[in-house]
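1070 is the number of the first residue of the sequence shown in the working numbering; add one for each residue after it.
The beta-carbon is built from N, C-alpha and C at its ideal position, and this holds for glycine as well.
These figures come from a predicted structure and were not determined experimentally.
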Amino acid sequence: MEGTALGLGVAGLTFQFFHVGEMAYKILGEIRDVPKDAVDHQVSFILQRQRYESWAQAVGLDADHPTQFDDTHRDHLTVIATAIDILTHVCDLLTDVKPLVKVHGLKPLTKSRLDEDFSDLQRVQHANSVSIWDLNAGQDEKDRRPNNLMVVQQQLSWMRKIRWGLRDKSQFATLVKKLSTLNDGLRDILPSWARNTYDRYLLINQPADMNGLDMMAKDDTITARYATPAYALAANIKKSVAEQLRPPTSRAPLTTKPAHRINPVSITLPSSDEEPSTSRVVAMAGDDKVVIEFKDFRQTDLQAARRRENRIKALVALLQIKPKPSSYRILDCRGYITRSTKHSHGYGMVFDFPKNLKDEGNAKYDTLEKKVVPTIGFYMGKEYEQVVQFCLDTELLGVVAVLERW
């Protein structure tokens, strides 16, 4: 089917729809007069904005390459058409002033952004009160999407002049739910590899706002409905790091100590005939039993080796922080050791062995005794692996080793 038959002949049409929605999300993300009992709805709205922008990053929509998505899918025009139709719904929900006020719980404040009286804006809106979907009824397929773009662009030009406030939190929650469904649709049209990229961008794009992070870390209902399983954990980690870095407010603030490098001589490793590149071993540090996770890396250029070592040190630095969140089963990290061969350089994270597991009859005690692929520090299971990458990508100090489902 030719692109012109679907109304896709406009260069960068997908990006132009996305950009309208992006601007509208930004405007409504700054709503005022939000009561304390409605802050969770505001956080949920911000999360929908993050999902929307993360989807765009995953498919390559950006101002520098506005036609990339359309060019990539030129042989799959139905994908482009579906994306544009979903984006049209998003744009219409976020820019049509009348439903925003009457249906979705928002209110215009007295003065517009350009100091125009809202009464003038109402008259303009009333004169253009035909909905985008009514206009579609009389249009050919090839005209519909380009014309829809002009409509939502015009609606955006009206709604961006208004200073928005919150009138009804339950109606606003309905808007968030609709946006969530549309974001689900955008994610569903992605191929599997792109969904993983989307999930990664969603973690990276979490805001730095402490109130929002705190709510996302604690409120499972928000993150379970609208994000990936690792999202709440990532928010918890980012919140913990932010708390470590903010100026102290007491005489005894928590501090992040540099990663402690342990002398290998002080560690007694079990005898073994093999030297696997990745392994977990139970060893002795003096009279204490410890768990060590090793990871060997092939020798590379000096710059890459230094960058990798700095990241591992940053990871260890956060693993050393005490106390850890009480809602998780966590192994405390003592530091790290190094080992080198002719062709590789390895690191081992040293964790305190959880002495109480055997007393509790926990079957995981035996698991820690085995030499297996690590899941505590370097690898934390598929769900937590995303969080590790999130921390490294955003140059945070590291991650907290979590054994949540023990």
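The residue among HIS1145, THR1141 and ARG1120 with its C-alpha nearest the C-alpha of THR1266 is ARG1120.
Among the bridge pairs identified by DSSP, LEU1175 is matched with LEU1235.
For GLY1081, there is no enclosing alpha helix (DSSP H), as DSSP marks it with neither H nor E. Contact check for VAL1148 and ILE1258: beta-carbon distance about 6 Å, within the 8 Å limit, so the pair qualifies. In the pairwise beta carbon analysis, the region 1128 to 1146 is classified as not touching the region 1230 to 1237: fewer than three pairs are separated by under 8 Å.
The continuous stretches of beta strand (DSSP E) do not include THR1410, and DSSP gives it neither H nor E. ARG1264: member of the alpha helix (DSSP H) spanning 1261 to 1273, first to last residue.
In the three-state scheme derived from DSSP, where H, G and I count as helix and E and B as strand, THR1243 is classed as helix. Shown here, VAL1103 sits in coil according to DSSP, grouped into three states, outside any helix or strand. Under the criterion of beta carbons closer than 8 Å, ILE1153 and LEU1255 do not qualify as touching, at roughly 11 Å.
For LYS1307, the number of other beta carbons within 10 angstroms of its own is at least 16, and it is reported as buried. For the region 1143 to 1169, the continuous alpha helix (DSSP H) assignments of 4+ residues that do not extend past its boundaries occur at 1146 to 1164, in sequence order. DSSP places VAL1360 inside the beta strand (DSSP E), whose first and last residues are 1357 to 1367. In this structure SER1261 is exposed. Its beta-carbon is surrounded by fewer than 16 other beta-carbon atoms within 10 angstroms. By DSSP's assignment, GLY1417 forms a beta bridge with PHE1363 and ILE1406. Each residue's CA atom was taken as its position, placing TYR1300 and LYS1326 some 26 Å apart. ASN1332 counts as exposed, since fewer than 16 other beta carbons sit within 10 angstroms of its beta carbon.
Distance from the CA atom of ASP1357 to the CA atom of LEU1338, rounded to whole angstroms, is 12 Å.
DSSP places SER1123 in the uninterrupted alpha helix (DSSP H) bounded by 1108 to 1128. DSSP places ASP1139 inside the alpha helix (DSSP H), whose first and last residues are 1137 to 1141. For TRP1124, the closest alpha carbon among the candidates VAL1112, ARG1269 and LEU1388 is that of ARG1269. Look at ILE1331 here: in three-state DSSP terms it is coil, with no helix or strand label. For GLN1085, same chain residues with a beta-carbon under 7 Å away, outside a window of 5 residues either side, are LEU1218 in chain order. Between the alpha carbons of PRO1177 and ARG1229 lies a distance of about 11 Å.
Sequence-distant partners of ASN1274 (beyond 5 residues in either direction) whose C-beta falls short of 7 Å from its own C-beta, in its chain, are GLN1119, GLU1122 and SER1123. Taking every protein chain shown into account, the CB of ASP1161 has 16 or more other CB atoms within 10 angstroms, so this residue is buried.
With fewer than 16 other Cβ atoms from the protein chains shown falling within 10 Å of its own Cβ, LEU1371 counts as exposed. The straight-line gap separating the alpha-carbon atoms of PHE1114 and ASP1401 is approximately 36 Å. Pairing ILE1336 with VAL1359 gives a Cβ-Cβ distance under 9 Å. Closest option to GLN1240, judged by alpha-carbon separation, among ARG1376, ALA1383, GLY1174 and LEU1116: GLY1174. In the DSSP assignment, ALA1383 is bridged to no other residue. For ILE1336, the secondary structure class from DSSP, reduced to helix, strand or coil, is strand. Counting only the Cα atoms, ASN1252 lies some 21 Å from ILE1100. The beta carbon of GLN1137 lies closer than 6 Å to those of GLY1129 in the same chain, with the five residues before and after it left out. Secondary structure of ALA1303 (DSSP, three-state): helix.
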